[in-house]
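End of the sequence shown sits at 483 in full-length UniProt numbering; the numbers just go up one at a time, nothing left out.
Ideal placement from N, C-alpha and C gives every residue a C-beta, glycine not left out.
Scroll down for the structure; my scribbles are underneath it.
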Amino acid sequence: MPRVSAKPDPANVQPARTDGFVAAMSERLGGPLGRYAELVRTWWSPARVILAVATLTYVVGMVFRIPCRITVAGQVPDAFRRLCYSDIGLLYADRGLLQGNTPYLDSGSYQVLEYPVLTGWFLELERRITGWLGAPSGTDLTAQQAVDATLTFVDVNQVLLGALFLVAVWAQVHTQIGRPWDAMMLAAAPTVAAASLVNWDLLPVALTAAGVLAWSRRRPGLAGVLLGLGMAAKLYPVFLLGPLLVLCLRSGRMRAYGVLLVGFVVSWLVVNLPVLVLAPDAWLSFWTFNADRTGDFGSIWYVFSLAGHPVPHLNEVSGGLFALGCLLVAALALLAPRRPRFGALAFLVVAAFLMTNKVYSPQYVLWLLPFVVLARPRWRDWWVFTFGELFYFVAIWWHLGGELGPGDGGADRVYWLAVVLRLATEAWIVIMVVRDVLRPERDPVRSPSTGSGNVDDPTGGVLDGAPDAPWRTRLFARTRLSA
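See the structure below:
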């Protein structure tokens, strides 16, 4: 006999009852579950359903890339036209891994790996697993041996990156307590199927998602360790320290922030110091590569360059605009009538970075998507975001493949439109989130219409339910009196 709860759990928000899009879709399938059906707890919990959907989404992404699998030496699939390009197989040979070399520590007639250290160690682990599975390596391989070894490496990546995606989804399910179904927006995202195997970004995505989960469970030390490891794999997790700083400052939770910061610095140093000491030039390659690059694919700066108007001093312009965005987010966090949710501010900061950055690679959508879910868990906005990202995903590959250029050899304005549209859809979510901060009753998480009761910040950890610090209360009391 299935176990029957005495009453339904009011903390678990049912999208079919609170989200207009899901409610409309559920009506086509018979409507939301009835009062008695919701009482029955079956094996198919929200977490299991969502993980099953995530698995299917990821498998679709693997199938999507079958046209680009090279199994015979001499095959040259049109990866741009078929939208199945991936760095994974190409960099296996072009960064010395196929030759049996360890990233950063070995050198040869190839470019140093231009990724943060933990990503390099992840590739080294995959290189060793590939060897354990019998794939040959070295400088004297035949063309077919190189193809076979590369194919094994790609398959190892598909398994490990898939596991990391499930970790990210699992963390997303458990981060916003009472809202497990929000994670379906990550699990079922077409953008994940499209971009998950372009590069190794699911490693920092999983570490960051786990770090946010640890923070939400009031474990700031563990959160700092995981976010520090995330930054050791990609830069963007460090930006979460800013929103947490201003939120902890506003709520007087600086001790927890100090614990977070210590964990972050220690874990980042543990990963980076060996390479920094043994191969400092190789360690610097990631930083110099990004400092030296000009306006690149996906950025508005690249569009300006294509239009014949390159922006001078781009590092200063891009960095200055991002710094301005961070200051505006900090001001919003400190001046808003009610302390904003951590997920909302995290989204705003990461979005500010990606919208002003010198490059927007197609897989960067994986950085932003989990924060879209935390900040604005509404399917309408998810669809707006997804449309902009998918349109850009198609446009960038066809732009690189020459599919979008006019016959007279003129400017590829369809690609320009795709970049602008992607920025516009991201700006739409930014506007919605800022409105939610200024008008908390419109926030999908805090709104009484969700039926979740008096909710403050399910992702906030020690911030959840915390009153403003005395300094802010006194400051705004004096401001009101002087007015």
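What's the C-alpha gap between A209 and Q172? Approximately 7 angstroms between the Cα atoms of the pair.
Grab me the residues of P220's own chain with a C-beta within less than 6 angstroms of its C-beta, minus the 5 sequence neighbours each way, in chain order. Setting aside the 5 residues that flank it on each side, P220 is surrounded in the same chain by A256, V259 and L260, each with a C-beta closer than 6 angstroms to its C-beta; the list follows chain order.
DSSP-derived helix/strand/coil call for Q75: In this structure, DSSP gives Q75 a state outside helix and strand, which the three-state scheme calls coil.
Boundaries (first-last residue) of the alpha helix (DSSP H) holding A427: Judged by DSSP secondary structure, A427 falls within the alpha helix (DSSP H) whose first and last residues are R413 to L438.
Check the C-beta distance from T152 over to L133 and give it rounded, since I have them as a contact under 8 angstroms. Taking 8 angstroms as the upper bound for CB-CB distance, T152 and L133 are in contact here, some 6 angstroms apart.
Short Cβ contact (7 angstroms threshold) for V350 with F371: Annotated as proximal: V350 and F371, with beta-carbon spacing under 7 angstroms.
Those runs of the beta strand (DSSP E) which lie wholly inside the segment 67-144 and span at least 3 residues: Counting only runs that start and end inside the segment 67-144, there is no beta strand (DSSP E) element of at least 3 residues.
In three-state terms, what does DSSP make of E403? DSSP places E403 in coil when its eight states are reduced to three.
Once DSSP output is grouped into helix, strand and coil, what is the label at L278? DSSP places L278 in helix when its eight states are reduced to three.
Rounded C-alpha distance that separates G263 from A223: If you take the alpha carbons of G263 and A223, they lie about 8 angstroms apart.
Have a look at T425 and A135 and give me their C-alpha separation to the nearest angstrom. Taking C-alpha positions only, T425 is separated from A135 by approximately 44 angstroms.
In chain order, what residues of the same chain have a beta carbon less than 7 angstroms from the beta carbon of L400, not counting five sequence neighbours either side? Listed in chain order, the non-local C-beta contacts of L400 below 7 angstroms within the same chain comprise F80, local neighbours out to five positions each way being set aside.
Rounded to whole angstroms, what's the CA-CA distance from V60 to A52? Just pull it up for me. In this model, V60 and A52 are separated by some 12 angstroms (Cα to Cα).
P103: buried (16+ other C-beta within 10 angstroms of its C-beta) or exposed? Burial of P103 is indicated by the presence of at least 16 other C-beta atoms within 10 angstroms of its C-beta.
Alpha helix (DSSP H) containing R48: first to last residue? Looking at the DSSP string, the run of the alpha helix (DSSP H) that includes R48 is P46 to F64.
So what does DSSP say about A466, is it helix, strand or coil? Three-state result, A466: coil.
Straight-line Cα distance separating F342 from L245: Roughly 10 angstroms separates the two Cα atoms.
Please state if the CB of E403 and the CB of F289 are separated by a distance shorter than 7 angstroms. It is not a contact, given that the beta carbons lie outside the stated cut-off.
Taking the alpha-carbon of H313 as reference, which of L83, A291 and W383 has the nearest alpha-carbon? The shortest C-alpha to C-alpha distance from H313 to any of L83, A291 and W383 is the one to A291.
Could you give the residue range of the alpha helix (DSSP H) that holds R250? Counting along the chain, the alpha helix (DSSP H) containing R250 begins and ends at L241 to S251.
Minimum length 4: unbroken alpha helix (DSSP H) runs contained in the segment 279-348: The segment 279-348 contains these whole alpha helix (DSSP H) runs: 280-292, 300-306 and 314-335.
Count the other C-beta atoms from every protein chain shown that fall within 10 angstroms of the C-beta of residue 549, then say buried if there are 16 or more, exposed otherwise. The question about residue 549 has no answer here: the residues shown for the chain are numbered 1 through 483.
Could you tell me the distance, in whole angstroms, from the CA atom of L90 to the CA atom of S305? The straight-line gap from Cα to Cα measures roughly 27 angstroms.
In chain order, what residues of the same chain lie with their CB nearer than 8 angstroms to the CB of N199, ignoring the 5 residues before and after it? Leaving aside the five residues that flank N199 on each side, the residues in its chain whose CB is nearer than 8 angstroms to its CB run, in chain order, S86, D87, I88, S361 and Q363.
Using C-beta distances below 6 angstroms, list every residue in its chain close to W398, excluding the 5 sequence neighbours before and after it, in chain order. Cβ-Cβ distances below 6 angstroms link W398 to L404 in the same chain, with the five nearest sequence neighbours on each side left out; the list follows chain order.
Selection from L202, R218, S107 and S216 that minimises the alpha carbon distance to A233: Nearest to A233 by alpha-carbon distance, out of L202, R218, S107 and S216, is L202.
With H, G and I counted as helix, E and B as strand and the rest as coil, what does DSSP make of N157? The answer is helix: DSSP assigns N157 an H, G or I state.
List the whole-angstrom C-beta distance separating L366 from A195, where the pair is believed to meet the contact cut-off of C-beta under 8 angstroms. Distance from L366 to A195 at the Cβ level is roughly 6 angstroms; contact confirmed, criterion being Cβ atoms closer than 8 angstroms.
Could you give the residue range of the alpha helix (DSSP H) that holds A210? Counting along the chain, the unbroken alpha helix (DSSP H) around A210 starts and ends at L202 to S216.
Excluding the 5 residues flanking L105 on each side, which residues of the same chain have their C-beta closer than 8 angstroms to its C-beta? Within the same chain, L105 has close Cβ partners V275, L278, A279 and A282.
Closest to D94 by C-alpha separation, out of A427, P440, T356 and L123, would be which residue? Of the candidates A427, P440, T356 and L123, the one whose C-alpha sits nearest the C-alpha of D94 is L123.
Buried or exposed: which applies to N315, given that a residue is buried once 16 or more other Cβ atoms fall within 10 Å of its Cβ? By the 10 Å Cβ count, N315 comes out exposed.
By how many angstroms is the C-alpha of L348 removed from the C-alpha of G465? Roughly 22 angstroms separates the two Cα atoms.
Looking at the structure shown, is G410 part of a helix, part of a strand, or coil, going by DSSP? Residue state for G410 is assigned as coil, using DSSP reduced to three classes.
What number of angstroms, rounded off, separates the C-alpha of M385 from the C-alpha of R217? As written in the sequence, residue 385 is Phe, which differs from the Met given in the question. A direct Cα-to-Cα measurement between F385 and R217 gives close to 28 angstroms.
Could you check which residue in W471, T473 and A168 has the C-alpha nearest to that of L226? Of all alpha-carbon atoms in W471, T473 and A168, the one lying nearest the alpha-carbon of L226 is that of A168.
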